[in-house]
Each structure stands twice: as structure tokens, then as C-alpha cells.
Ligand SMILES: NC(=O)c1ccc[n+]([C@@H]2O[C@H](COP(=O)([O-])OP(=O)(O)OC[C@H]3O[C@@H](n4cnc5c(N)ncnc54)[C@H](O)[C@@H]3O)[C@@H](O)[C@H]2O)c1
Ligand SMILES: [Zn+2]
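Residue numbers (our numbering): 157 to 516.
Below, the structure written as C-alpha cells:
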């Protein structure tokens, strides 16, 4: 049995394990032990299925397994795809004991999770994330949902999984750009919560980019620990969970301005974190360290050709606008963040206009 790390998301009766290891798929990890009834529906997509579906099925010995392959891409993260999952459950005659298993990136996980939350008012759900972003971020914490033409993730539900199984081997086939996008969320976890972790990322970035199994395993585990602790404290985002949006107010503005699909989410968050550090009262040397770490992960560190006016406009539309003032997650230091709507307007303009330059 391969060695694995286990982290618990402490949510009382709904507590669940995150299992992280190298080579857990293929039959060596008994996922079936976490499946309450006899029936499962695996939801995956056309890209991931040929790579990992057989290996997942090998971990479900003794269960009746059906599979649904969705089309690949964020543009298919809409109600019709969630509906297709519900149709598959109805067609299979699924009952309350059926388990939905998501195999894929955040898009598959969000759609499958939303369908699991709604079928018969909620059936068991397991996440088997296969992108770095999904492994460190979207598979943990119970946010599920789909996009609407009126907004991203506008339709959704909280529905915690009962197991998150992370096989770091799956990252071997991930495109480089997707790996870097996932590293943006890894850096985010370090910068909001753990100075020591930030330092270890500065040291380990070359190994992470080379997909060194032990470096990846350690970073995924630390990131999941940080996210799990925040979710356990504030499941529904009434307070501390908002810290996980560090870099995202700026990042969403970039995504909204250039149109989704042009930049990957993690790339926009990379530039967004640099901008959030420019709005924070921290030493210039620390801003420089953050920028260098983001650049070393092969992520953009500024908004490129996106103009300040468009960014400003897009930020006003961000769903986090409360009583007309924006809310930002700012840094006290590298390793500590806080939520505030008390920021300097002039400095915000300066950050948006000068972008690539560190604000005074
Ligand atoms: N629920 C949450 O808390 C939460 C948090 C962050 C992001 N999200 C959502 O996650 C989504 C983004 O997730 P993502 O970055 O994983 O994108 P994704 O699911 O689109 O995956 C990226 C690409 O990689 C492919 N892929 C997946 N695993 C692979 C593998 N092992 N080898 C080769 N290719 C592979 C996918 O098919 C896809 O083409 C967004 O919709 C975002 O809104 C949700
Ligand atoms: Zn994000």
C-alpha cells in the first residue's frame, strides 16, 4: 500500500478525510470503503476519462458503477451539464444511497457536486481531483455550482464531500499552464496563512515545476491543511473564509475585462496577488519577494495590456461590493492577511494605473 497523508476537515458529523499520495488510484486505495450503498455514478470528462477512469474503477471493486462523460471546458459549466448528471442518476434509478464521484478538475467537481447536492436533496459525494487547482482548492470546502450567462458560479450550493482522494501521479499529464495556475492558489495559501510555508515555496519552486512527487505532495498537503482549517472555522463564508479570496478581487476584474478563457483563473490570481500586495502596507522588499515567487511559478505579475478604467469598472461589478465600497483582502505581512473595506482610494487608482510598478 503506497504511503499517504491524511488531513481531516473538522465539520462535526460531516467531518471528512483528504487522502494525499502518489499512486493511490489503480486499486491501491479502497475508495469503495467510503461508498455507503452499492451504486456509484462517476462524473468525468472526455479528456480525463481516457487517462484515469480505469484506475478509478479499479478502486471501486464490488460496487455497481455507471459513468457520465461531460464535454471538457469552463464553457460547459452550466445548468444543462448539471441536468445531464441528474438525468444519468434518474436513468440509473439512483436512490438516496447512491454516491456521485467527480473525477477531473474544478469544472467537473463543481458540476458533479451541485448535482449531488440537488438529487433527492443531497446524496453522497466523493471528489477525485486531477488538476493542481482542484487538489489544493476547489475539491475541499463544499462549494459547488455552475455558471449562468449573468455571472460565474451564480447558481450553487454548499455540499461537502465525504472523501477527497488526491493521487499526485495524475499531475504528470497536466499541461504546464494548468500546473502554474494551480501554483497561484498554493502561493495564495502560503501568503495568507504561513510564513514558513512561503519560505519553503521559495526554496522548492524549481522542484514543483519539475513535478517532483515529494515537493508536490508536501505543498498539496500544507495547502489542504490551511484550507481545511479555514473551512472548519467558517464553512459558509461569514468571516475568515473570505481570506481565501486574496488576489481575487483584482483577478476577477482581469478575467471579466479580458473575457473568460483568455487568461486562466490562476494566472489572473497571480497578477491579482501582486496588485493586492501593492495596496497593502508591507515593506517593498516583501512585495518584491511575493512578485518573484509568482514570477518563478511562471505566472503573470501584472495585468498586461488591460487598462485601468476597465479594471476599475469590472471591480465595481464584483459580487463582493458591499454598500458601494469594495472589500479587499490585504496583507499584514507575508503569511498574514485580513479583510477590509478601509483602503486608500488614491492608492487603489495608483495600483490600477501603474500596475507593474510597486505603489509607494
Ligand atoms: N468550488 C470551489 O471552491 C472552487 C474553487 C476554485 C475554483 N473553482 C472552479 O474550478 C474551475 C477551474 O478548475 P480547474 O482549474 O481544475 O479547471 P478544469 O477543470 O477546466 O481543468 C483544466 C483542464 O485540465 C484538464 N485536466 C484535468 N485533469 C487533468 C490531468 N490530470 N491531466 C491532463 N489534463 C487534465 C481538464 O479536462 C481541463 O481541460 C472553475 O470553474 C472555478 O470556478 C471552484
Ligand atoms: Zn481561485
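Virtual Cβ for every residue (Gly too), placed ideally from N, Cα, C. Here the structure is a predicted model, which means the values were calculated and not measured.
For the options 348, 268 and 335, the alpha carbon positioned closest to that of residue 317 is the one of 268.
Assigned with DSSP and collapsed to three states, residue 204 falls in coil, not helix or strand. Scanning the region 337 to 367 from its first residue to its last, the whole alpha helix (DSSP H) runs of 4-plus residues come out as 351 to 365.
Each residue's CA atom was taken as its position, placing residue 258 and residue 282 some 6 Å apart.
Shortest Cα-Cα distance from residue 253 to any of 220, 387, 231 and 213 involves 220. Looking at the DSSP output, residue 226 sits in a beta bridge with 201.
Sequence-distant partners of residue 162 (beyond 5 residues in either direction) whose C-beta falls short of 8 Å from its own C-beta, in its chain, are 173, 174, 175 and 176. When the beta-carbon positions are compared, residue 432 and residue 403 come within less than 8 Å of each other. Within the region 269 to 310, the runs of beta strand (DSSP E) that reach at least 3 residues and sit entirely inside it are, in chain order, 280 to 285 and 299 to 304. The beta carbon of residue 186 lies closer than 7 Å to those of 215 in the same chain, with the five residues before and after it left out. Two segments are said to touch when three or more pairs of C-beta atoms, one from each, lie closer than 8 Å; by this definition the region 369 to 384 touches the region 331 to 351. Not a single heavy atom of ligand 2 lies less than 7 Å from the C-beta of residue 234. In the three-state scheme derived from DSSP, where H, G and I count as helix and E and B as strand, residue 323 is classed as strand.
Ranked by how close their Cα comes to the Cα of residue 319, the residues 409, 189, 437 and 420 have 189 in first place. Residue nearest to residue 298 within the set 280, 288, 306 and 308 is 280 (criterion: CA-CA distance). Minimum Cα-Cα distance from residue 306 among the listed residues 293, 237, 412 and 462 corresponds to 412. Within the chosen limit of 7 Å, ligand 1 does not reach the beta carbon of residue 401 with any heavy atom. The region 389 to 470 contains, as complete alpha helix (DSSP H) runs of 4+ residues, the segments 404 to 414, 421 to 434 and 440 to 452 (chain order).
Cβ-Cβ distances below 7 Å link residue 238 to 267, 270, 271 and 302 in the same chain, with the five nearest sequence neighbours on each side left out; the list follows chain order.
Here the region 417 to 431 makes contact with the region 446 to 457; the two share three or more CB pairs at distances below 8 Å. Residue 331 has its alpha-carbon roughly 20 Å from the corresponding atom of residue 357. For residue 256, the uninterrupted beta strand (DSSP E) run begins and ends at 255 to 260, by DSSP. One Cα belongs to residue 489, the other to residue 362, and the distance between them is close to 24 Å. Using a Cβ distance threshold of 8 Å, residue 314 and residue 397 do not count as a contacting pair.
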